[in-house]
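Below is one structure, written out as structure tokens; comments come after it.
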Amino acid sequence: MGTSQEMETKNNNNNLKALSMARSTVKSIIKKRKVFAKTQTLPVSGRRSKLEERARRKLLREATKRSTATLKQSQEFMTVSGHCVHVTTISQILHKCGLYGRTARKKKHSSRKATCSHD
2 MGTSQEMETK NNNNNLKALS MARSTVKSII KKRKVFAKTQ TLPVSGRRSK LEERARRKLL
62 REATKRSTAT LKQSQEFMTV SGHCVHVTTI SQILHKCGLY GRTARKKKHS SRKATCSHD
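Start counting the sequence shown at 2; every next residue gets the next number (my numbering).
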């Protein structure tokens with residue numbers, strides 16, 4: 002037989018396999034139980050975001066796809082998709098992601114020189 006510590010480790014490993022959870026997950030649950038005497042999800046400190054991550058990605062996809070769309074049009078798009086957000090909130094989200102001007106795409110430069118040089 003092994004030492005008591007080896008037996009305890011073996012039992013813990015068997016318990017982890019039975020739970021089908023990672024060791025770190027089990028440790029965090031045990032730690033939460035010791036600190037708060039609960040295992041429920043506790044409220045998180047700080048203000049919640051107006052848009053969850055999924056809606057934010059949707060807005061960014063739409064903004065990059067339609068670069069000529071105004072903020073008002075983006076707001077209408079978000080309202081249709083079920084998220085009521087103010088125009089300034091949309092502007093802040095786009096600015097944080099590096100999208101500033103809602104301008105038209107630049108056309109390729111086509112001049113007589115450019116077309117003649119290919120002949």
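Idealized CB from N, CA, C, for every residue including glycine. None of the values given here were measured: they were computed from a predicted structure.
Item	Value
Please classify SER25: does DSSP put it in a helix, a strand, or coil?	helix
Rounded to the nearest angstrom, what separates LEU60 and CYS98 at their Cα positions?	11 Å
The alpha helix (DSSP H) spanning THR80 covers which residue range?	72 to 81
Using the Cα positions of THR90 and LYS66, report the straight-line distance between them to the nearest angstrom.	19 Å
I need the boundaries of the alpha helix (DSSP H) containing ARG57, first residue and last residue.	54 to 66
For the alpha helix (DSSP H) containing LEU95, name the first residue and the last one.	88 to 97
Please confirm whether LYS33 and THR40 have their CB atoms less than 8 Å apart.	yes
Quick test of the definition: if touching needs 3 or more C-beta pairs under 8 Å, does the stretch 73 to 86 touch the stretch 47 to 58?	yes
Mind checking whether the beta-carbon of LYS73 lies closer than 7 Å to any heavy atom of the ligand COA?	Although the ligand COA was asked about, the structure shown includes no ligands whatsoever.
With DSSP collapsed to three states, give me the class of THR42.	coil
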